[in-house]
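Number of protein chains: 2
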Amino acid sequence: MQIHELELVIKNADRAINNEDFDQLMDFYSEDATLVVKPGTLAKGKEEIRRAFVAIADYFNHSLIVNQEKMAIIETGDTALVVAKALLSANQKTDSAFSMERMATYVFKKDSTGTWRCIIDNSYGAELLE
Amino acid sequence: MQIHELELVIKNADRAINNEDFDQLMDFYSEDATLVVKPGTLAKGKEEIRRAFVAIADYFNHSLIVNQEKMAIIETGDTALVVAKALLSANQKTDSAFSMERMATYVFKKDSTGTWRCIIDNSYGAELLE
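Listed in order, the protein sequences are those of chains S and L. The opening residue of the first sequence carries number 3 in the numbering used here; numbering runs sequentially from there. The opening residue of the second sequence carries number 3 in the numbering used here; numbering runs sequentially from there.
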């Protein structure tokens, strides 16, 4: 099976999270992107999203590792829905080790240069409804 | 809580499905929309989507009722991700009565007239990964 361009984009974004390279990470988002920080809390735009990732890295005591185990990509025009099984782990979290699976949903859009940018990052998927 | 415009749009689309009013239903889709008919099978564009809905209505012996029990909507620019708990039921299915819950994901986009159209209809949500 051919690897979709977006799988590589998301792999690189995960690497940037895992390396805490927030400058590089912001490159994956559109200017007006929305990140679900947790159900009920959104970060809007690169500045807020960057701040959220810095806080998340802190919260996990700089040991967060994110990886997508499986992905399905559905494309229409310049927009794509990505459904992913994301694995999060952190072995240095202050109070306890941590590992969890999330069924995430992301929306990507091609910008005017043909580059895919994440416009909606909802790692909680349908958990938002709980 | 205020009702999001899209909740009404989706309610009306569900009504069109339940009434088997496929002309009206097609109005909710963009020209290039993608429908996940089932995992691995996509319908692309209004003609294929309409044909898929006719077949689905047939399959459920014209008794399919779709209803969204809960929705979360995340908007960025002209695009919105909808995560929904959808309830499907059919009491006249040939072999057995049928009822199921699905955690669905839809992507909507505002067209040039400001009307929301569904561009990706994935009622299977993360089930695509199974």
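Where a beta carbon is used, it is the ideal one built from N, C-alpha and C, also for glycine.
Length at least 3, wholly inside the segment 14 to 42 of chain S: the beta strand (DSSP E) runs in chain order: 31 to 40
Asparagine 124 (chain S) versus glutamate 7 (chain L) - alpha carbon distance: Using only the alpha carbons, I get a separation of about 21 Å.
Straight-line gap, alanine 88 (chain L) to valine 11 (chain S) (C-alpha atoms, nearest Å): Taking the CA atoms as reference points, alanine 88 (chain L) sits about 31 Å from valine 11 (chain S).
Range covered by the beta strand (DSSP E) that runs through aspartate 122 (chain L): Note that residue 122 (chain L) is isoleucine in the sequence shown here, rather than aspartate. For isoleucine 122 (chain L), the enclosing beta strand (DSSP E) covers residues 118 to 124.
Against chain S: residues of the segment 51 to 75 of chain L by CB proximity under 9 Å: Glu71, Lys72, Met73 and Ala74
The segment 73 to 84 of chain S in contact with the segment 49 to 56 of chain S per 3-pair CB rule at 8 Å: no
Chain L contact for alanine 35 (chain S) (CB, 8 Å cutoff): yes
CB contact check: isoleucine 122 (chain S) to chain L, cutoff 8 Å: yes
Whole-angstrom distance between lysine 13 (chain S) and asparagine 69 (chain S), CA atom to CA atom: 8 Å
Proximity test, Cβ basis, 8 Å: lysine 88 (chain S) and chain L: Rather than lysine, the amino acid found at residue 88 (chain S) in this sequence is alanine. By this cut-off, alanine 88 (chain S) is not an interface position.
Rounded C-alpha distance that separates leucine 90 (chain S) from alanine 106 (chain S): 11 Å
CB of valine 85 (chain S) within 8 Å of CB of alanine 128 (chain L), strictly: yes
Check: arginine 53 (chain S) C-beta below 7 Å from any heavy atom of the ligand HEM: As presented, the structure is devoid of all ligands, the ligand HEM included, so that no description of it is given.
Beta strand (DSSP E) runs wholly inside the segment 44 to 119 of chain L, at least 3 long, in chain order: Counting whole runs of 3 or more residues, the segment 44 to 119 of chain L contains the beta strand (DSSP E) stretches 66 to 78, 81 to 92 and 100 to 112.
Of the listed residues S:Pro41, S:Ile121, S:Thr43 and S:Glu50, nearest to phenylalanine 24 (chain S) (C-alpha basis): Of S:Pro41, S:Ile121, S:Thr43 and S:Glu50, the residue nearest in Cα terms is S:Glu50.
Cutoff 8 Å: lysine 112 (chain S) Cβ touching any chain C Cβ: The structure shown has no chain C; the protein chains it does contain are S and L.
Whether glutamate 9 (chain L) touches methionine 73 (chain L) by CB criterion (8 Å): yes
Sub-8 Å separation of leucine 83 (chain L) and valine 109 (chain L) beta-carbons: yes
Proximity of serine 119 (chain L) and tyrosine 61 (chain L) at Cβ, strictly below 8 Å: The residue you asked about is not serine; residue 119 (chain L) is arginine in the sequence shown. No, these two residues do not count as a Cβ contact at 8 Å.
Reference glycine 116 (chain L), options L:Asn93, L:Glu33, L:Thr36 and L:Thr81, closest by Cα: L:Thr81
Cβ separation of alanine 92 (chain S) and isoleucine 67 (chain S), assumed to be a contact under 8 Å, to the nearest whole Å: 7 Å
Aspartate 29 (chain S) to asparagine 20 (chain L) span [Cα, whole Å]: 44 Å
Contact with chain S by leucine 131 (chain L), beta-carbon distance below 8 Å: yes
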